[in-house]
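From first to last, the protein sequence lines stand for chains A and B.
Counting with my numbering, you get residues 2 to 175 for the letters of the first sequence.
Counting with my numbering, you get residues 2 to 130 for the letters of the second sequence.
Structure first, then comments.
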Amino acid sequence: MTLAYGLVTGVLFGFLLQRGHVLRYDKQLGALRLVDMTIVKFMLAHIMVAMVGIYLLHDLGLVKLSLKATALGANAIGGLLFGLGWGLVGYCPGTSVGAVAEGRLDAVFAIAGMLVGAAVFARAYDALLPTVYAWGNYGKISLPGLLGVNHWIVIVVLLACYAGILRFLERKGL
Amino acid sequence: MAERLYAPEAVTTLAYYLKEKPIIDWQFLFVCGIGIGALLGAVLFRDFRIRAVPDMWRERFGGGVWLRALSAFCGGAVAMFGARLADGCPSGHGLSGLSQLAMSGFVSAAGFFLGGIVMARLVYGRGTK
């Protein structure tokens with residue numbers, strides 16, 4: 002059953018990513034060059050809706066959160082490395098399959114590179130575990146947990162911030 | 002997943018694969034679904050077009066297929082290593098992580114965009130055109 006949910010939500014996600022134009026190299030680089038914020042707006046809109054929805058369902062006891070562990074060293078260094086690669090490749094690992102499905106042949110080479118990167122990582126994992134992963138390892142923490150306040154306070158503040166960013170981007174015509 | 006085909010012994014010995022088992026799980030099907038969904042969207046709305054070089058790349062570096070393929074390959078390898086290390090990409094940390102207010106999402110997303118802006122500046126220079 003979980004497998005079927007995975008496939009169905011994947012199809013929906015892929016369809017919406019395609020219609021949102023965010024699979025495109027030009028949109029991803031546009032955001033990183035700060036000239037076309039389509040994907041940033043897509044992400045912010047997604048987060049604003051999902052944040053409220055997920056925590057509503059969570060408070061009703063219908064879903065469990067699935068927080069990724071916070072390891073500051075791994076998150077920050079991995080994040081920066083990802084960004085440097087992203088600026089070159091222009092596709093995200095999760096959605097590059099969708100880019101191929103749109104007819105983008107360069108994404109095939111991107112996926113080939115990703116498979117190599119993943120294989121190299123699996124071999125480096127033993128060395129990374131006692132070093133990078135040990136730096137600033139806080140386990141599964143969330144912003145409201147860290148601040149010690151109710152999650153709805155954080156959500157309302159973030160909604161206002163994100164709405165402000167969206168308004169700014171729209172005004173600038175990005 | 003792919004390593005099961007060409008390096009089956011690595012899958013049973015490397016610690017990372019013992020922790021993150023390369024099996025067909027819902028996440029694997031989710032990625033397959035993204036391909037199907039994107040194909041549907043592109044075909045239904047007449048948006049499907051075979052192309053090997055994105056427009057923005059072509060404007061700056063010309064239509065050479067192999068230069069673009071090389072940049073995609075190298076960028077993909079570095080990005081994937083980073084995504085594995087950070088345990089997520091703009092979908093997993095950016096969308097899913099920030100929606101759940103995870104601290105790891107905020108830290109990683111900042112890294113994604115910071116690194117990405119630096120590389121985009123290196124590739125395309127300062128100008129906006």
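Where is the CB? At the ideal position from N, CA and C, for every residue including glycine.
With 9 Å as the C-beta to C-beta threshold (strictly closer), list the residues of the region 47-79 of chain B near chain A in chain order.
D48, F49, R50, I51, R52, A53, V54, P55, D56, M57, W58, V66, R69, A70, L71, S72, A73, F74, C75, G76, G77, A78, V79
Mind checking whether the beta-carbon of L147(A) lies closer than 7 Å to any heavy atom of the ligand COA?
As far as ligands go, the structure on display features none, and thus does not contain the ligand COA.
Closer than 8 Å, Cβ to any Cβ of chain A: which residues of the region 32-46 of chain B, in chain order?
V32, C33, G34, I35, G36, I37, G38, A39, L40, L41, G42, A43, F46
Comparing C-alpha positions only, which one of A16(B), A11(B), V12(B) sits nearest to L129(A)?
The count along the first sequence starts at 1 and reaches residue 129(A) at position 128. If we check each option's Cα against that of L129(A), A16(B) comes out closest.
Assign P94(A) to buried or exposed, taking buried as 16 or more other Cβ atoms, counted over all protein chains shown, within 10 Å of its Cβ.
Sequence index remark: in the first sequence, residue 94(A) carries index 93 (1-based). Per the 10 Å Cβ criterion, buried.
For W153(A), does the count of other Cβ atoms within 10 angstroms reach 16, so buried, or fall short, so exposed?
In the first sequence, the residue the question calls residue 153(A) occupies position 152. Exposed is the call here.
Look at the alpha carbon of D107(A) and the alpha carbon of G77(B), and state the distance between them as a whole number of angstroms.
What you label residue 107(A) is simply residue 106 of the first sequence in a count that begins at 1. What you label residue 77(B) is simply residue 76 of the second sequence in a count that begins at 1. Those two C-alpha atoms are separated by around 11 Å.
Ignoring anything shorter than 4 residues or poking outside the region 31-70 of chain B, list the alpha helix (DSSP H) runs there in chain order.
56-62
If you draw a straight line from the alpha carbon of V54(B) to that of L89(A), how long is it in whole angstroms?
Residue mapping note: residue 54(B) aligns to position 53 of the second sequence, counting from 1. Residue mapping note: residue 89(A) aligns to position 88 of the first sequence, counting from 1. Each residue's Cα considered, the two are about 13 Å apart.
Rounded C-alpha distance that separates M44(A) from H59(A)
The count along the first sequence starts at 1 and reaches residue 44(A) at position 43. The count along the first sequence starts at 1 and reaches residue 59(A) at position 58. Each residue's alpha carbon lies about 21 Å from the other.
Y163(A) and I48(A) - do their beta-carbons sit closer together than 8 Å?
For the purposes of this step, residue 48(A) is identified with residue 47 of the first sequence, where counting begins at 1. For the purposes of this step, residue 163(A) is identified with residue 162 of the first sequence, where counting begins at 1. Yes, Cβ-Cβ distance for I48(A) and Y163(A) is below 8 Å.
Assuming contact is defined by CB atoms lying nearer than 8 Å, are K141(A) and A70(A) in contact in what I supplied?
The residue given as residue 141(A) occupies position 140 in the first sequence. The residue given as residue 70(A) occupies position 69 in the first sequence. Their beta carbons are under 8 Å apart, which means K141(A) touches A70(A) by this criterion.
May I have the straight-line CA-CA distance separating E103(A) from K42(A), to the nearest angstrom?
Residue 103(A) sits at position 102 when you count from the first residue of the first sequence. Residue 42(A) sits at position 41 when you count from the first residue of the first sequence. When rounded, the distance between both Cα atoms is 21 Å.
Just by C-beta distance, which residues in the region 61-81 of chain A are closer than 8 Å to chain B?
L66, S67, L68, K69, A70, T71, A72, L73, A75, N76, A77, I78, G79, G80, L81
Going along the chain, which residues of its own chain have a beta-carbon closer than 8 Å to the beta-carbon of L68(A), five neighbours each way excluded?
Position 67 of the first sequence, counted from the start, is the residue given in the question as residue 68(A). For L68(A), where only same-chain residues beyond five positions count, the Cβ hits under 8 Å are K141, I142, S143.
Length of the line joining the Cα atoms of F16(A) and L57(A):
Taking the first residue of the first sequence as 1, we reach residue 16(A) at position 15. Taking the first residue of the first sequence as 1, we reach residue 57(A) at position 56. F16(A) and L57(A): Cα-Cα distance of roughly 25 Å.
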